[in-house]
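**Q** Everything in the first sequence is counted per our numbering, starting at 258 for the first residue and increasing by one. No residue lacks a Cβ here, since even glycine has one placed at the ideal position from N, Cα and C. Predicted model, so just to flag it, every value in this text is computed and none were measured.
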Amino acid sequence: MSVRVRFAPSPTGYLHIGAARTALFNWLYARKEGGKFLLRVEDTDLQRSTEESTRSILEGLAWLGIGDYDEEIVFQSRNADKHREAAMRLVREGKAYRDFTPKGERSDANVKQEIAERARTAAAGEGASHRANPFRDLPLEESDRRAADGEPFAVRLKVPAEGQTHFTDAVYGEQERAHSEIEDLVLLRSGDLSPLYNLSVVVDDIEMGITDVIRGQDHLTNTHKQVLIYEALGAAVPRFAHLPLILAPGGKKLSKRIHGEIVSLTTYRDRGFLPEAFRNFLALLGWSPAGLQSAEDATHGNEQTAADARGSEIIPLSDLIENFSLERIHRSPAIFNFDANNPKRWTDDKLIWMNAEYIRTMPLEELLPLVRAEFESAGLWRAEYDAERREWFARTINLIRERFYTLKDFSGQGRAYFADDFEFDEAAVRKNLKKDASLRELLPALAERLEAVEPWTLEAVEQALRDFADERGVKAGLLINASRTALTGQAVGPSMFDVFEVVGRERSARRLRAAAALV
RNA sequence: GGCGCAUUGGUGUAGUUGGUUAACACGCCGCCCUCUCAAGGCGGAGACCACGGGUUCGAGUCCCGUAUGCGCUACCA
């Protein structure tokens, strides 16, 4: 049977990076196995689900490059009737029962505490059985009659008193759980008979023909309940693969409430990350390809091996797909490292590095459209960049991309190359312009000298500037650094003669003169 | 409280029939290069493989226990 997997987010917020990784692994597995990748929106919690969340999740997946679902999106809320039918079938077959116990109110906030307390008292009062429900063995006819009389009921699965369930998890191995540990879980709520999560998931997965369930480790223990439902329904149990959780620094839970936007995928899109870089990073969180970075590879083999091994964590999508396997997924949780108090480290170091690596090494033709999109949203784009200035634009981007980390840098630090209204970095002005008062006179003189340079090439400009420095008895470095700040507003940047060439004669001269006022 | 899962330098990981000096990437530090900053090259600090017991000639790798973290335990998903 060919592989069919699904990503099943609940639309109660933006796409969490942990969820994004789950989606990615499902996608990778489907593509590797030549199977189908499906999407199911689990919107059964009507109060918390929003259309906006659904849209945001879809957008996030599309951005990541894994929005190519192989079949139509399934909305779980539309299948409620099927879920209900399945549960009632189990009641008829004696595998589930109606529970006429009045519904107890519970405050959502204290559930955890309540659970612990209940468990404690249950442990103290000798072995309060999970099978003590008085309605568990109510004859079907009586159950039917009471239901027909309009008495409200919930439907519970009849979990066998003895024995255990087991399944083999592709990641965590053999899993076993005694039935005595599992209560008769509720399938349908009393009153409106709306289906609960465990039922919905199983019925939908059966309906969709899912062969492999790949999801977060937080579902590992509950999988036993689902196995029980599969068996009651007489359906084949799929293969399960649970993914280790992604944690915050200190091994704490990575939560939207505490950590804010850092856990949202859209943050990375909005802050100038490349989908391929983010995807690459995400793939390596909880999974690693076999052998790619062993010591052997790094030290032996042919000429380029050392360099190859160094960059071996930069993995093209085709290789990711090619090498992906459930067996290489780790069991221990991964920490997503960041420091909320440090702007330079607002997100994981390696992610930032990886993004920069992609920006400076990816084919220029692939980078250009991304920069264009960034420029369009920053109001820097001009039609001529795609026409008569096309070559200049490509050359300039290629020049400055070397030291940029995100797409935002092109419109931020790189603004001076494309607009005149750039800002001067104060530290740069202090360091390169205010440092030497003679620059007040030197800069305009240099401007004049450069205006005469013909042709305007890197070599000619360098020659002219160095000659000028010699004549004036100053170090070329003084003029070079001052020029850098004058032309770009920055203290750092590409080799200055490249900058001159790209900025052009007119603009260079104008900016040199203007900068004299800043000295 | 019960049940489950995990534990290799700061972080991500390699280490898969137990065998010598625990490897790679990011980050950090230094040097080289140099007009700055990156990149690149070279080098360095940083892990008694959570802790304690075993098994073995030999354990990061096997077994038991402890601790810590996380998850589940709901008429939430």
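(1) Classify Arg-402 as buried or exposed, calling it buried when 16 or more other Cβ atoms lie within 10 Å of its own Cβ.
(2) On the DSSP letters alone, give me the boundaries of the beta strand (DSSP E) that Ala-774 sits inside.
(3) Can you name the residues that DSSP bridges to Ala-505?
(4) Excluding the 5 residues preceding and the 5 following Pro-751 in the sequence, name in chain order all residues of the same chain whose CB lies nearer than 8 Å to its CB.
(5) Can you tell which of Arg-393, Asp-426, Gly-420, Glu-570 has the C-alpha that lies nearest to the C-alpha of Arg-413?
(6) How many Å lie between Pro-359 and Phe-410 at the Cα?
(7) If we count Cβ pairs, one from each stretch, closer than 8 Å, do we get three or more for the segment 608–616 versus the segment 519–535?
(8) Kindly indicate which residue of Gly-669, Tyr-674, Lys-732, Arg-672 has the alpha-carbon position closest to the one of Asp-693.
(9) Rounded to whole angstroms, how far is the Cβ of Glu-290 from the Cβ of Phe-357, which I believe are closer than 8 Å?
(10) Tell me the DSSP secondary structure of Arg-413 in three-state form.
(11) So, at 8 Å on beta carbons, what are the nonlocal neighbours of Thr-269 in its own chain, with the 5 sequence-adjacent residues on each side left out?
(12) Identify, in the order they occur along the chain, each residue of the same chain with its Cβ nearer than 7 Å to the Cβ of Ala-404, setting aside the five sequence neighbours on each side.
(13) Pull up the distance between the alpha-carbon of Gln-333 and that of Ile-592, whole angstroms please.
(14) Once you ignore the five residues that flank Leu-511 on each side, which residues in its own chain have a CB closer than 7 Å to its CB?
(15) Measuring straight from C-alpha to C-alpha, what distance separates Ala-684 and Thr-279?
(16) In angstroms, rounded to a whole number, what distance separates the CA positions of Leu-539 and Leu-450?
(17) Could you give the distance in angstroms between the alpha-carbon of Arg-297 and the alpha-carbon of Val-458?
(18) On the premise that Leu-272 lies in contact with Gly-317, defined as a C-beta separation below 8 Å, what is that separation, rounded to the nearest angstrom?
(19) Just verifying my parser: in three-state terms, what is the DSSP assignment at Phe-236?
(20) What did DSSP end up calling Ser-521 once you bin it into helix, strand or coil?
(21) In its own chain, which residues sit with a C-beta less than 7 Å from the C-beta of Arg-729, not counting the 5 before and 5 after it?
(22) Looking at the strands, I want to know which residues DSSP matches up with Pro-452.
(23) So who's on the other strand from Gln-421, going by DSSP bridges?
(24) Taking Ala-277 as part of the alpha helix (DSSP H), name the residues at either end of that continuous run.
(25) Just verifying my parser: in three-state terms, what is the DSSP assignment at His-340?
(26) Do you know offhand how far Ser-575's Cα is from Ala-498's?
(27) Is Ile-467 helix, strand or coil by DSSP?
(28) Please state whether DSSP places Gly-430 in a helix, a strand or coil.
(29) Taking Asn-336 as the reference, which of Leu-456, Glu-584, Arg-526 has the closest Cα?
(30) Specify the secondary structure class of Asp-356 as computed by DSSP and reduced to three states.
(31) Can you say whether Ala-793 is buried or exposed, counting buried as having 16 or more other CB atoms within 10 angstroms of its CB?
(32) Note down the Cα distance separating Arg-768 from Ile-616, rounded to an integer number of angstroms.
(33) Let me know the secondary structure DSSP gives Phe-392 once reduced to three states.
(34) When the Cα atoms are used, what is the spatial distance from Pro-396 to Asp-461?
(35) If you draw a straight line from the C-alpha of Gly-491 to the C-alpha of Val-416, how long is it?
(36) In the DSSP assignment, what are the bridge partners of Ala-498?
**A** Reading from the atomic positions:
(1) With fewer than 16 other Cβ atoms inside 10 Å of its own Cβ, Arg-402 counts as exposed.
(2) DSSP places Ala-774 in no beta strand (DSSP E); its state is neither H nor E.
(3) DSSP, once it has assigned bridges, lists Lys-509 as partnering Ala-505.
(4) Excluding sequence neighbours, Pro-751 sits near Leu-656, Ile-657, Glu-659, Arg-660.
(5) The residue with the shortest Cα to Cα distance from Arg-413 is Arg-393.
(6) Pro-359 and Phe-410 have their C-alpha atoms some 8 Å from each other.
(7) A contact between stretches requires three or more CB pairs, one per stretch, nearer than 8 Å, and the segment 608–616 meets this requirement with the segment 519–535.
(8) Nearest of Gly-669, Tyr-674, Lys-732, Arg-672 to Asp-693, Cα basis: Lys-732.
(9) That pair is no contact at about 47 Å.
(10) Residue state for Arg-413 is assigned as strand, using DSSP reduced to three classes.
(11) For Thr-269, where only same-chain residues beyond five positions count, the Cβ hits under 8 Å are Asp-302, Arg-305, Ser-306, Thr-307, Ser-310.
(12) If we look at Ala-404 and ignore the five residues flanking it on each side, its Cβ neighbours are Arg-355, Phe-410.
(13) The straight-line gap from Cα to Cα measures roughly 32 Å.
(14) Excluding its 5 nearest sequence neighbours in each direction, Leu-511 has C-beta neighbours in its own chain below 7 Å: Gly-275, Ile-503, Leu-504, Ala-505, Val-520, Phe-593, listed in chain order.
(15) One C-alpha to the other measures close to 44 Å.
(16) Annotation: Leu-539 to Leu-450 spans about 40 Å, alpha carbon to alpha carbon.
(17) Those two C-alpha atoms are separated by around 10 Å.
(18) About 4 Å; that satisfies the 8 Å criterion.
(19) Summary: the structure shown does not reach residue 236, with the chain confined to residues 258 through 776, and so no result is reported for it.
(20) DSSP places Ser-521 in strand when its eight states are reduced to three.
(21) Counting only Cβ-Cβ distances below 7 Å, and skipping sequence neighbours, we find Leu-699.
(22) In the DSSP output, where bridge partners are listed per residue, Pro-452 has Leu-445.
(23) For Gln-421, which the question treats as bridged, DSSP gives the partners Ala-435.
(24) Counting along the chain, the alpha helix (DSSP H) containing Ala-277 begins and ends at 274–290.
(25) DSSP places His-340 in helix when its eight states are reduced to three.
(26) When rounded, the distance between both Cα atoms is 22 Å.
(27) Three-state result, Ile-467: coil.
(28) The answer is strand: DSSP assigns Gly-430 an E or B state.
(29) The closest CA to that of Asn-336, considering only Leu-456, Glu-584, Arg-526, is found on Leu-456.
(30) Under the three-state reduction of DSSP output, Asp-356 falls in the strand class.
(31) With the chain running from 258 to 776 in the structure shown, residue 793 is simply not present.
(32) Across the structure, Arg-768 and Ile-616 are spaced so that their CA atoms are roughly 29 Å apart.
(33) If DSSP states are grouped into helix, strand and coil, Phe-392 belongs with coil.
(34) If you take the alpha carbons of Pro-396 and Asp-461, they lie about 30 Å apart.
(35) Roughly 15 Å separates the two Cα atoms.
(36) DSSP links Ala-498 through a beta bridge to Ile-471.
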